Every structure is written in C-alpha cells, then in structure tokens.
Amino acid sequence: MTSMGYKTLKFPKGFLWGSAASAHQTEGGNHNDWTEWERIPGKIKDGTNSSVACDHYHRYEEDFDLAKELGHQVHRFSVEWSRIEPDRGKWDEREVDHYRAVTKTLVQRGIQPMVTLHHFTNPIWFRDAGAWLNPKSPDMFAPYCRKIAKALSEYDVIWNIINEPMNVVGGGYLLGEFPPGEHDYGKALVAAKHLLMAHGLAAKGIRETYDDLGLHQPQIAPVQVVTYIEPYDRSNGSDVELAEYVDSLYNQMWLQGVMTASIPEPAGDGSQYEPLENSADFIGVNYYSRMRVSSKLDFMAGEMPPKDDSLERCEGLDWEVYPQGYYPVIKSYWDRWRKPLFMTENGIGTLDDRLRCRYILTHLQQVHRAIQDGVDIRGYLVWSLTDNFEWTDGLSSHFGLIGMDYSTLKRTPRESAYMYREIIQKNGISGSLQQKYLGRHS
Ligand code: IFM
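Take 26 as the starting number for the sequence shown in this note's numbering and just add one per residue.
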C-alpha cells in the first residue's frame, strides 16, 4: 500500500523494538571516575552533574511501566561496576540484588533485558590503578563480569559487554574529553588493546559461568559505535586517505579484533588472543551521525571541518542529522562479517520533538532498506528511554522519548514515544505515518 508515494515498511517477524540507557546517565547517586570528573570546573559544558540524574535507581519500576505502556519489547541498560565492586574484590551484595530486581522488573513486564557491563564509568580503585592503561585491567574487569553473569543468569539476558570501546579510547585518551583526560595516541592504542582483551575475558567468563550452571549459552555481543566517515574534499587524495584511516581506526579495528580473535594493528601486532574466540553472537551497532575529516586539520587534536549548514543538527553535540550514512555503515559490517546485527543505539538530542520523529523515521527507512537487501538485523533501540545526563553536555541534552523535568523528576512521554509505539504495534511503518512526519514524498 502506498500513501502519497510512501510504501508501508514491514519489519521481519520477531524483530525486537525498544530503547537503551545507561546506569550513570540515569540512576543518580553514583561514585565513580565520572562523578569526580564532573566536579572539575569546565568539564561539563552546562555545569550540571549526574548526582540525581533521573533518580532511575529508585524509579526504575515507574520507568519500566512507561516502557511497557509505550510498547517496548526490549530494554538495554547497564550495571554500574562501581556499585557492585566499590573496592577491588569487595562485593556489595545489596547492589547485586538491586540489579537482580531491575532485571526481574523488566521480565515481569514482558520486556527482554539487554545488559551492558561497562558503559564508560570506572570504579575509583580501577581508575587509581591506571584504568585501561594497566596491563592487568582486563583481569581486573573479568571477576565483576562473572559475578553479574551468575547473578542475572536466571533471566535470559542478552549480554553486551563494553559499550562503544572506541569512544572510551577516543574520549578518554585522545581528545581528553572523558576521564582520564589524556591526549596521547600511544596511550589510546594501549587502552584499545586492553579493552579488546577485557571483552574477550568477560565473554569467556560469561560462557563458563553458564556452562558451570548447566544453562544454555546466552547471546553475547560487542557494541560498536560507528560513524559514517567522509573526506571533506572528495577530490583531495589526502582527505580520502585520512577518511580511510579514521574509518579503519575508529569503526573497524576493534571489531576486527573481536571477529578474528586477535589484537590488530596498530593496537597490537595481529597476534591471536584466544579468549576473543566465540565472543560475538551478533554485533551491536550504535549510529548517530557522519563525520567529515580534512587533511588540512589536526584530526587527532579533534579539529574538524565546518558542518554542512543545510543539515539539521543534534543540539549541543552539534552532530549532523545524516540518515543516508546509516545504510552504508550497516552494509559494510554485514558484507565484512556476515554476523547478525542489532541496532543498539540511534537517536537525537533535541527539544524539537518533530525533529526526533523525523530522525527516527528516516533512520528506520535505512534499516529497512538494509533488511530488504538481505542484512540480518534483529532489532532497533532508540537512545534513549528518558532524557538523561549526556556526559560532557550534562543535563541540557534531550535524547528521551520521555521528557524529564529535572526539578520535579516528572516523566512525560513525548509525541515521538507514541509515534514509535505505533511502529512497534504494527511491526512496520505505514505510508501515512511517513507522510504525517516527513511530508509529501518527493
Ligand atoms: O549518551 C550517549 C551514550 O552514553 C553512548 N552513545 C551515544 C549516546 C549519545 O551521545
């Protein structure tokens, strides 16, 4: 059926729809390396911090009631390592119970839990031990992963291990915008190597934990942030070369390590790392925008060419809205690895909710196109369920399907949340919905 030229877009049976969030951005009351980073003047652009955030730690039932009402079938959240292991080797069992209750609450509402074990934040003791620069960091991370795998094993969880490792690397060790605030290419590569090893050891630990418990193996996935990278000037060979280099470093290297069970150059020497074997049942893909790079600028220092003014933007972060980059990044992962994909994050920070509707629809059109072309995509998650603490942008960024009044903590679903519910209910996007939000088809 068509409506003003738009085709109804049907998604495969069993396709999972939902949203994603993380502990530090929503819970409030954490004490980790980011908490201390936020207190340093100038680190968070609007001067806010995550001390209360959405108070999700106490209000997760309310949030999951809303997710259910909005039709969500899967919810991706993270466990906060610093709560579980506040000192090395010391476990806080009450916090373990807390995340058991969080997971159970989702399951009771018929929502599939997808659990991330590391979403940017580190316990203070881990930071003080040198964090991801410490050669022992993968071994320090692994016991916590086993602990949580066992604690949540009764709930049929899908496991993500480390969220966007290359943003941990880029933000923390190259651009210096995340803790520990380094600007050092060599250190960035060391961190990338240790994050890769940490993924492998964690996956192995989860698999062994399930085996020991006599349970079926769960689904485990790396979650990669992937940006569509383009040369600023296509006719300039140096720009083209730089774009290829940045793509290989930022979008490909880490994942290549997971998929080939090795530590690829330049983070390593290409040698095999056995724990990485069988550490990806699917690939989690987080996509937001494109990035243009120019050889006339110092990319490693974060210098970027001007944005395209004809494109709409994400507030604060100033990312270009670029749905046409989604299909090629999806397709390139599929062509290279032939592994199922899950769109684990996609969304926009804006108070213009009509823009959020357009953003979701135009990106889903690309996901649908990839599925039509044979890519095995298992689901799609909007970032995020509610507005939350957006790292360097603090509380002034609005990624939520549900708006948050931080003075009262009142949650109010936006129009986009209801538009998304209609898509979920139909497991598809009608022509009239596209016409309503995107206007007449050209
Ligand atoms: O808020 C972040 C999230 O923590 C990781 N992926 C990108 C989102 C938007 O910046």
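Ideal Cβ placement from N, Cα and C applies to all residues, glycine included. Since we're looking at a predicted model, the values are computed, not measured.
Original post:
Taking the C-alpha atoms as reference points, what is the distance between Lys-356 and Ile-402?
Top reply: One-based indexing of the sequence shown puts residue 356 at position 331. One-based indexing of the sequence shown puts residue 402 at position 377. One C-alpha to the other measures close to 11 angstroms.
Original post:
Per DSSP, what kind of secondary structure is His-100 in: helix, strand or coil?
Top reply: Taking the first residue of the sequence shown as 1, we reach residue 100 at position 75. Strand, per DSSP.
Original post:
Is Gln-281 buried or exposed, if buried means 16 or more other CB atoms sit within 10 Å of its CB?
Top reply: Against the sequence shown, residue 281 aligns to sequence position 256. Counting of Cβ neighbours within 10 angstroms places Gln-281 among the buried residues, the total reaching 16 or more.
Subject >> Own chain residues within Cβ distance below 6 angstroms of Asn-371, not counting five before or after >> reply: Counting from one through the sequence shown, the residue named residue 371 turns up at place 346. Taken in chain order, the residues that qualify are Tyr-312, His-388.
Original post:
For Ile-396, which residues of its own chain have a beta-carbon under 6 angstroms away from its beta-carbon, when the five flanking residues on both sides are left out?
Top reply: Here residue 396 refers to the residue found at position 371 when the sequence shown is read from its first residue. Excluding sequence positions up to five before and after Ile-396, its CB lies within less than 6 angstroms of the CB of Ile-402, all in the same chain and listed in chain order.
Subject >> Bounding residues of the alpha helix (DSSP H) (the contiguous stretch that carries Ser-162) >> reply: Translated into the one-based positions of the sequence shown, residue 162 becomes position 137. Element bounds for Ser-162: 162-176.
**OP:** With a cut-off of 8 angstroms on the beta carbons, I'd call Gly-53 and Ala-92 a contact; round off their distance for me.
**Re:** For this step, residue 53 is matched to residue 28 along the sequence shown. For this step, residue 92 is matched to residue 67 along the sequence shown. Wrong, their Cβ atoms sit about 19 angstroms apart, outside the cutoff.
Original post:
Are the beta-carbon atoms of Glu-86 and Thr-128 separated by less than 8 angstroms?
Top reply: Here residue 86 refers to the residue found at position 61 of the sequence shown. Here residue 128 refers to the residue found at position 103 of the sequence shown. Their beta carbons are not under 8 angstroms apart, which means Glu-86 does not touch Thr-128 by this criterion.
**OP:** Counting only the same chain and skipping the five closest in sequence on each side, list residues whose C-beta sits under 8 angstroms from that of Asp-258.
**Re:** Within the sequence shown, the letter at position 233 stands for residue 258. Contacts found: Asp-264, Ser-319.
Original post:
Alpha carbon to alpha carbon, what distance is there between Arg-446 and Ala-154?
Top reply: The count along the sequence shown starts at 1 and reaches residue 154 at position 129. The count along the sequence shown starts at 1 and reaches residue 446 at position 421. The alpha-carbon atoms of Ala-154 and Arg-446 are separated by roughly 45 angstroms.
Original post:
If you follow the alpha helix (DSSP H) that Pro-256 is part of, which residue opens it and which one closes it?
Top reply: Here residue 256 is taken as the residue at index 231 of the sequence shown, counted from 1. From DSSP, Pro-256 is part of no alpha helix (DSSP H) but of the beta strand (DSSP E) over 253-256.
**OP:** Measure how close the beta-carbons of Asn-185 and Thr-141 come, nearest whole angstrom, since I'm counting them as under 8 angstroms.
**Re:** Translated into the one-based positions of the sequence shown, residue 185 becomes position 160. Translated into the one-based positions of the sequence shown, residue 141 becomes position 116. Indeed they touch by this definition, with Cβ atoms about 4 angstroms apart.
Original post:
At a cut-off of 7 angstroms, is Asn-185 close to the ligand IFM when judged by its beta-carbon and the heavy atoms of the ligand?
Top reply: Stepping through the sequence shown from its first residue, residue 185 is reached at position 160. No; taking the cut-off as 7 angstroms, the Cβ of Asn-185 has no heavy atom of the ligand IFM nearer than that.
Subject >> Nearest to Phe-36 (by Cα), restricted to the options Asn-452, Gly-464, Ala-46, Ser-457 >> reply: Looking up residue 36 in the sequence shown gives position 11. When C-alpha distances from Phe-36 are compared across Asn-452, Gly-464, Ala-46, Ser-457, the shortest belongs to Asn-452.
**OP:** State the DSSP-derived secondary structure class of Ile-288, mapped to helix, strand or coil.
**Re:** Position 263 of the sequence shown, counting from 1, holds the residue named residue 288. Reduced to three states, the DSSP call for Ile-288 is coil.
Subject >> Inter-residue spacing [alpha-carbon to alpha-carbon] between Glu-182 and Ala-286 >> reply: Start at 1 with the first residue of the sequence shown, and residue 182 comes out as number 157. Start at 1 with the first residue of the sequence shown, and residue 286 comes out as number 261. Reading off the sequence shown, one finds Val at residue 182, where the question assumed Glu. Going from the Cα of Val-182 to the Cα of Ala-286 covers about 24 angstroms.
**OP:** Using the Cα positions of Gln-349 and Asp-272, report the straight-line distance between them to the nearest angstrom.
**Re:** Stepping through the sequence shown from its first residue, residue 349 is reached at position 324. Stepping through the sequence shown from its first residue, residue 272 is reached at position 247. Distance between the alpha carbons of Gln-349 and Asp-272 is about 17 angstroms.
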